[in-house]
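Under the working numbering, think of the first position of the sequence shown as 140, with each following residue one higher.
We put the CB at the ideal spot given by N, CA and C, even for glycine.
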Amino acid sequence: MLGLANSASALQIETDEARIDIYGYARLNASYDINEDISRSSGTRSGDFSQINTGAAENSEASGYFGADAVQSRLGVRTSLANGVMVNIEGDFRGGTNGGQLRLRHAYGQYGNWLMGRTWSNYNSFVGNTSVLEMDGVAGNAGLYNRTAQVRYIQGNFTFAAESPKPKILDQTTKNGLPTLTARYENKAGALKFSSAALIQEVGYDTGINDDSAIGFAVFGAAKFQVTDTLSIQGNVNYTDGANSYLWRSGTNYYGEDAYLKGNNVETIVGYSANLGTTIKVGPGSLSAVYGMTTMDWDDAQDDGLAVGNQHERNTNAFLTYKWAPIKSVVFGVEYGRYEVKKINGDEGDANRLMFAAQYNF
Numbered sequence: 140m141l142g143l144a145n146s147a148s149a150l151q152i153e154t155d156e157a158r159i160d161i162y163g164y165a166r167l168n169a170s171y172d173i174n175e176d177i178s179r180s181s182g183t184r185s186g187d188f189s190q191i192n193t194g195a196a197e198n199s200e201a202s203g204y205f206g207a208d209a210v211q212s213r214l215g216v217r218t219s220l221a222n223g224v225m226v227n228i229e230g231d232f233r234g235g236t237n238g239g240q241l242r243l244r245h246a247y248g249q250y251g252n253w254l255m256g257r258t259w260s261n262y263n264s265f266v267g268n269t270s271v272l273e274m275d276g277v278a279g280n281a282g283l284y285n286r287t288a289q290v291r292y293i294q295g296n297f298t299f300a301a302e303s304p305k306p307k308i309l310d311q312t313t314k315n316g317l318p319t320l321t322a323r324y325e326n327k328a329g330a331l332k333f334s335s336a337a338l339i340q341e342v343g344y345d346t347g348i349n350d351d352s353a354i355g356f357a358v359f360g361a362a363k364f365q366v367t368d369t370l371s372i373q374g375n376v377n378y379t380d381g382a383n384s385y386l387w388r389s390g391t392n393y394y395g396e397d398a399y400l401k402g403n404n405v406e407t408i409v410g411y412s413a414n415l416g417t418t419i420k421v422g423p424g425s426l427s428a429v430y431g432m433t434t435m436d437w438d439d440a441q442d443d444g445l446a447v448g449n450q451h452e453r454n455t456n457a458f459l460t461y462k463w464a465p466i467k468s469v470v471f472g473v474e475y476g477r478y479e480v481k482k483i484n485g486d487e488g489d490a491n492r493l494m495f496a497a498q499y500n501f
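Here it is in structure tokens:
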């Protein structure tokens, strides 16, 4: 994401009992797809891996598509009470099939060491991410690059949470019987910032006649090293086994399947991903370059006779981004992005695109 911290509120109301901050931004996203149109239908002009032509379709594709929208624009209210309670509610306009409808992003409260509600998953970190204009980010970002309902306990640099489960079984409705359990550690040492997390989840089904379950797990590591005042290197590494629903930009676009059925038995699927980027101050702004890759291992499913040839084996994307702030609270950005897909059947495809964004923070 482009993203700047909302350093100043458009409106701040203070009483003896509370402080209320209203914050957000207005944002324009515009994209030009050099090849096929891969922009996400729900808005923000984000690239969608599932819309990349592969195989023979690459040879006769229409090309050259422009579009723009403002659905990423955001509005939030944060209330801090005198007794130590904090409540945050935030939304954007990426809701609905084609975007434009209000969508809930955050709705949580925090008191002391406890946080309850919907916010970024505890199995997530921004430490190793490279900032891009693409709202849906880079393949291989750390953990669940999304928000979810949870109960979180915070103890210093450690956080633990029970979260709403998200298991996925290929061609089978799952049964959610237990919460996903997550733990994260985040810290810094000199010029190095780092984070690591793990989770376990139940992956199961129950038709009333047949049932089975397995335990899935995932781990990630994220780090950023500030080489100089003007140069940083950052990246992420992820590994999953039965938890690809937490492997960002896997599957056809966002998350892949955790498991498949061999007869009536649940068999987990392994996945892994990584990205590496660098950011350097250039002129009035900053220039970033990043490459990310996500892979799922479907070999066992193939060996077990499943027709998975059309599944995505590997998704990769890379971005070259320049951002600058001409005045306070205003950020502009331009970006080149490249997307590549490889399917199990060997079909491959790619797409190239340009993006522009203008963001006005308050």
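Own chain partners of residue i with C-beta closer than 6 angstroms, once the 5 adjacent residues on each side are dropped
i, result
"Gln498", "Leu141, Tyr164, Arg166, Val470"
"Tyr171", "Phe205, Leu493"
"Gly488", "Ile191, Asn192, Thr193, Glu197, Val480"
"Arg323", "Asn261, Thr298, Ala336"
Coarse secondary structure for residue i, derived from DSSP in three states
i, result
"Asn377", "strand"
"Asn383", "helix"
"Ser178", "strand"
"Asp439", "helix"
"Ala281", "coil"
"Ala362", "strand"
"Gly142", "For Gly142, the predicted model reports a pLDDT of 42, less than 50, meaning its position is unreliable and no value from the coordinates is stated."
"Ser334", "strand"
"Gln450", "coil"
"Gly416", "strand"
"Gly194", "helix"
"Ala149", "coil"
Spatial neighbours of residue i in its chain, beta-carbon cut-off 8 angstroms, leaving aside the 5 residues before and after
i, result
"Glu175", "Gln190, Ile191, Asn192, Glu200, Ala201, Ser202, Tyr204, Ala490"
"Asn237", "Ser180, Ser181, Gly182"
Among the options, nearest to residue i - alpha-carbon criterion
i, options, result
"Lys379", "Ala457, Gly424, Ala428, Gly279", "The question names Lys, but residue 379 is Thr in the sequence shown. The option with the nearest alpha carbon to Thr379 is Gly279."
"Phe359", "Asp155, Ala301, Asn237, Ser334", "Ser334"
"Arg477", "Ala149, Thr154, Ser185, Ser181", "Ser185"
"Ala428", "Gln373, Ser468, Arg388, Lys482", "Gln373"
"Ala195", "Asp368, Arg388, Gly485, Ser468", "Gly485"
"Ile466", "Gly424, Asp187, Leu241", "Gly424"
"Asn500", "Ala464, Phe188, Gly347", "Ala464"
"Phe251", "Gln294, Gly276, His245", "In the sequence on display, residue 251 carries Gly and not Phe. The option with the nearest alpha carbon to Gly251 is Gln294."
"Gly235", "Glu341, Trp259, Val210", "Val210"
Residue i - partner residues in DSSP beta bridges
i, result
"Asp208", "Asn168"
"Glu341", "Ile354"
"Arg213", "Tyr164, Asp231"
"Tyr461", "Leu426, Val473"
"Gly248", "Val226, Met255"
"Phe495", "Ala169, Val473"
Distance CB(residue i)-CB(residue j) smaller than 8 angstroms
i, j, result
"Asp438", "Glu406", "no"
"Thr183", "Arg217", "no"
"Phe364", "Ala330", "yes"
Same chain, Cβ closer than 7 angstroms to residue i, neighbours up to 5 away in sequence not counted
i, result
"Asn349", "Asn403"
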